[in-house]
Structures are given as structure tokens and as C-alpha cells.
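Down below is the structure, laid out as C-alpha cells.
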Amino acid sequence: MTVSTSKPSPVEIGQARNKETIYTATRTTKLADGTYSVEMLQYSDAKGAGGKVIATRDSVNEWTFNDNASTKVKQNESRLNNASKTQMESMRGQFVEKSQEAEEYNRAQGEPNKALNDNSESDTKPAAAAEEGGGGQTEESTEGTRTSFPNLRYPINVADSKQDIIKFDMHEYVPSEVGKTAVGDANVFGFSRGELGSSIGSVVLPIPSGISDQNKADWGSNSMTAFDIAKAQFAKDAILKGLSTGAKTFERYMKSVQQSSGDVKNAVGNSLAAAAASVDGQALLSRTTGQVLNPNMELLFKGPSLRPFSFKFQLSPRDSKEASTVIKILRFFKQGSAPIRSKSNLFLKSPHIFRIKYVRMGANGELHRGLNTFKTCALQGVGVNYTPTGNYATYSDGVMVSYDLTLSFSEITPIFNDDYGTGDNDQFIGF
Numbered sequence: 008m009t010v011s012t013s014k015p016s017p018v019e020i021g022q023a024r025n026k027e028t029i030y031t032a033t034r035t036t037k038l039a040d041g042t043y044s045v046e047m048l049q050y051s052d053a054k055g056a057g058g059k060v061i062a063t064r065d066s067v068n069e070w071t072f073n074d075n076a077s078t079k080v081k082q083n084e085s086r087l088n089n090a091s092k093t094q095m096e097s098m099r100g101q102f103v104e105k106s107q108e109a110e111e112y113n114r115a116q117g118e119p120n121k122a123l124n125d126n127s128e129s130d131t132k133p134a135a136a137a138e139e140g141g142g143g144q145t146e147e148s149t150e151g152t153r154t155s156f157p158n159l160r161y162p163i164n165v166a167d168s169k170q171d172i173i174k175f176d177m178h179e180y181v182p183s184e185v186g187k188t189a190v191g192d193a194n195v196f197g198f199s200r201g202e203l204g205s206s207i208g209s210v211v212l213p214i215p216s217g218i219s220d221q222n223k224a225d226w227g228s229n230s231m232t233a234f235d236i237a238k239a240q241f242a243k244d245a246i247l248k249g250l251s252t253g254a255k256t257f258e259r260y261m262k263s264v265q266q267s268s269g270d271v272k273n274a275v276g277n278s279l280a281a282a283a284a285s286v287d288g289q290a291l292l293s294r295t296t297g298q299v300l301n302p303n304m305e306l307l308f309k310g311p312s313l314r315p316f317s318f319k320f321q322l323s324p325r326d327s328k329e330a331s332t333v334i335k336i337l338r339f340f341k342q343g344s345a346p347i348r349s350k351s352n353l354f355l356k357s358p359h360i361f362r363i364k365y366v367r368m369g370a371n372g373e374l375h376r377g378l379n380t381f382k383t384c385a386l387q388g389v390g391v392n393y394t395p396t397g398n399y400a401t402y403s404d405g406v407m408v409s410y411d412l413t414l415s416f417s418e419i420t421p422i423f424n425d426d427y428g429t430g431d432n433d434q435f436i437g438f
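When we follow our numbering, the leftmost residue of the sequence shown carries the number 8, and every step to the right adds one.
Structure, rendered in C-alpha cells:
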């Protein structure tokens with residue numbers, strides 16, 4: 008929240024001989040959501056002594072006066088509105104201009120972005136809070152490691168165009184911690200990942216063409232013959248119920264075989280012979296009988312898959328200021344994806360990681376509900392084509408006339424059913 012207050016100025020109210028001079032000023036406050044609150048303050052003199060809030064502005068032309076305003080002040084609302092309108096609008100314009108200048112200065116100095124970004128408007132569960140030290144003590148990074156990046160936009164006037172954007176927020180990697188993890192009402196052994204801290208830099212770009220995602224799970228075929236099932240049952244009974252129970256299970260199985268047809272006896276005999284000779288039982292059975300045991304093939308779930316994402320941008324600077332921004336964007340992704348050396352050079356630390364989101368640049372700058380959301384991503388590849396036009400061409404300062412930037416990301420953790428929630432956010436595609 009940032010506040011700026013104008014200097015007190017005199018306003019005469021009342022009629023002819025009963026004129027009274029009061030001193031007012033406007034106070035403009037930039038709120039956390041990016042909107043502005045404007046208040047009128049009344050002072051006892053031009054030096055600014057005894058100031059108190061007497062009204063708040065609901066719109067461009069109307070003030071709402073409170074109990075601090077005198078009766079005579081309230082009776083002259085229209086005159087005060089006219090007298091302060093120019094003052095307030097001028098002050099607000101100066102305030103916005105100074106805020107933009109401060110933002111540009113901080114960006115040029117590489118100040119970190121203090122705003123948290125965790126796809127807060129998506130149906131994403133927050134990460135567990137990290138304990139001090141993260142997943143264990145790590146050695147200090149080597150001198151020159153960068154942990155603070157600028158906040159960059161391309162084109163530099165992308166915010167003014169109101170077009171939808173994709174935002175990349177860079178964060179320092181937080182390792183997982185081994186221990187008990189709460190799952191539902193139970194504690195199980197597993198990994199818990201600490202919550203990411205504030206963004207250490209960001210890049211805003213127009214949403215590129217050809218965006219897509221693909222959710223996958225790893226499934227694979229598996230076979231298990233009746234003989235394999237029997238062996239598994241013997242082992243299970245012997246381990247869980249004792250050797251005597253396992254022996255009885257084997258005995259029941261052998262009696263069942265003896266009571267079966269000759270083909271079954273022959274198949275079991277071939278399987279036992281193959282096991283003793285360390286050869287393929289199915290191959291032996293096929294060679295000797297021309298048939299194989301039913302493999303009972305089934306497609307079984309093996310595990311989740313991690314989603315990859317690829318983005319391609321063409322960056323063509325139009326002036327020297329935008330050229331400088333493009334150079335910084337390329338460096339942002341290149342350096343952010345690089346491994347980090349420890350001070351002793353004995354260890355290599357994980358590169359920085361990214362939170363990505365699509366944003367609709369309307370009145371509220373809300374998360375784009377018509378596109379997918381992302382979990383935390385690792386930047387696995389940065390590709391730059393310096394001559395996308397097929398010719399070597401530069402501006403007078405040596406900056407290329409155009410660059411093609413290709414980014415290859417992969418989410419660090421898989422997508423699970425519960426990440427989507429219970430249906431309260433069906434208006435969002437989610438992951």
C-alpha cells in the first residue's frame with residue numbers, strides 16, 4: 008500500500024459577508040488490488056495542522072462526507088466538489104506517474120518481486136509450509152550466484168494493450184523433506200515439499216500460438232499364468248500365515264492338478280521341469296504341446312506421468328529500450344535454468360524453478376479460466392535462434408533485429424485427482 012497526500016489549499020464557502028475559509032487536501036492511496044482510494048482532509052490552517060479525514064470519494068465527481076465535516080461544509084458539497092476535482096485529478100495523475108517511475112527504477116536495479124505468485128486463483132492446493140532449513144542443510148552457493156532478477160515485460164507496453172498474457176515467476180528451489188506426511192486422517196512416510204517463497208523475478212509475454220497440454224498416466228500390459236498365480240499364493244500364505252499353511256496350500260493345488268485332465272497335468276509338469284532347468288516354461292510348453300498357458304494379460308496402472316510444456320516466442324525489439332528488455336529476458340531464462348555450484352565446488356544445486364500462469368488482462372487481471380493451470384515447473388531447455396529471418400541483421404547498437412525463444416518446461420510433481428478439488432471450481436479447466 009502506497010500513500011501520497013497533496014498540500015493543503017484554501018477553499019471559501021458560505022455567502023457574501025459570511026464567507027469562511029477552510030483548508031483541504033486530497034490523499035490518494037494505492038491499494039493491494041491495484042485500485043485507488045481518495046480521501047479529503049481538512050486542516051485548521053495552510054501549514055497542515057490538525058488534519059482530519061472529512062470525506063471519501065465514491066466517483067470522479069462525488070464526495071461522501073462523514074461526521075468530521077462541519078454542517079457548513081456539508082451544506083457546500085457541490086462547491087467543494089468543483090473546487091477539489093481539478094486538484095484531486097492532478098494529484099492522482101502525479102501519483103500514478105511516480106509509481107510507474109518507481110516500478111521502472113526497481114526493475115532496472117534488479118529488485119526482487121515481493122508479490123507471491125502461486126496460481127492463487129486456480130484450484131490448486133498450497134504446498135506444505137517449509138521448516139527452517141528446508142529439506143536439510145545445504146552448502147552456501149558460490150560467489151556470483153544470482154538470486155535476484157528484474158521484472159520484465161515484452162512488449163514493454165503489453166499492460167496498456169490489455170491483451171491476455173502468460174507470466175513466468177522465478178523462485179529458488181525448495182527441496183523435499185523425508186518424513187511423515189499427513190494424507191487424509193493418517194500419517195504415512197513420504198516426502199513433504201516446502202512452500203515456495205516470494206518470486207525472485209518475473210517475465211510477462213503475450214500468450215503464444217500453438218499452446219496445448221496433455222495429461223497422461225503410465226499404464227502397461229502385464230501377464231500372469233495360473234501357475235504364476237499358484238506360486239504367488241503359496242508364497243503369500245507361507246509369509247503371512249506360516250510355512251505349514253503354505254505347505255497345505257501347495258498340497259491342495261497338487262491334488263487339484265492330479266484330478267484334472269491330462270493336458271493340465273502335462274502343462275504343470277512342463278512348467279515345473281522348465282523351472283528346474285531354468286528355461287522359459289511357456290516356450291517349452293509350446294514346443295512340446297503346441298499351446299501355452301493363458302497369460303491372463305491385463306493393462307495395469309504403473310504410475311503417474313509428469314507433463315511437459317513447450318513455448319515459442321518471437322522477440323523483435325522496436326526501439327533501444329525494448330532491445331534492452333529483450334536482452335534481459337533472454338538472460339533471465341538462460342541464467343535461471345543453469346545449475347548452481349556450491350562454494351566448495353563439491354556440490355551442484357538445483358537451478359531455479361518457475362510458476363507459470365495465463366492471465367486475462369481485463370479489469371481484475373484474473374486467472375484465465377479457459378486455459379490450463381500449472382504446477383511448479385523446471386526449465387529443462389532454453390533455445391535461442393539469433394537469425395530467425397535466415398539473415399544476419401542487427402541494429403546500430405548490435406542487437407539482433409529478431410530472436411526466436413523456445414522454452415521447454417516440465418512440472419516437478421504429477422497431477423492427482425484431488426488437485427482439481429470436488430467440483431466447486433467447475434468453471435475453470437484447472438490442470
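A virtual CB, placed ideally from N, CA and C, is assigned to each residue, including glycine. Quick caveat: nothing in here was measured; it's all calculated off a predicted structure.
- In the three-state scheme derived from DSSP, where H, G and I count as helix and E and B as strand, Leu414 is classed as strand.
- Asp426 sits close to Phe438, with the two beta carbons spaced by under 8 Å.
- The count of Cβ pairs closer than 8 Å, one atom from the stretch 373-380 and one from the stretch 347-362, stays below three, leaving the stretches out of contact.
- For a cut-off of 8 Å, the C-beta gap from Lys319 to Pro213 is around 12 Å, too long to register as a contact.
- The alpha-carbon of Thr71 is positioned some 13 Å away from that of Thr33.
- Within the same chain, Lys356 come within 7 Å of Thr145 by CB-CB distance, once the 5 residues on both sides are set aside.
- Per DSSP, the beta-bridge partners of Lys356 are Ile347.
- Straight-line spacing of the CA atoms in Cys384 and Ile419 works out to 5 Å.
- Val45 sits buried, since 16 or more C-beta atoms from the chains shown fall within 10 Å of its C-beta.
- Under the three-state reduction of DSSP, Ile218 is assigned to coil, being neither helix nor strand.
- For Leu306, the enclosing beta strand (DSSP E) covers residues 305-311.
- The residues Phe198, in chain order, have a CB closer than 7 Å to that of Val185 in the same chain once the five nearest residues on each side in sequence are set aside.
- Each residue's CA atom was taken as its position, placing Gly151 and Val181 some 20 Å apart.
- Boundaries cannot be given for Gln298, as no beta strand (DSSP E) includes it and DSSP labels it neither H nor E.
- For the pair of segments examined, the stretch 306-323 was found not to touch the stretch 244-251: the number of CB pairs separated by less than 8 Å stays below three.
- Nearest to Ile436 by C-alpha distance, out of Asn301, Glu202, Asn222, Thr232, is Asn222.
- Looking at the backbone, the Cα of Ile218 and that of Thr252 are separated by about 59 Å.
- Boundaries of the beta strand (DSSP E) harbouring Phe175: 172-178, taken from the DSSP string.
- The C-alpha of Ser344 is placed about 13 Å away from the C-alpha of Ile207.
- As computed with DSSP, Val389 is found in a beta bridge with Leu414.
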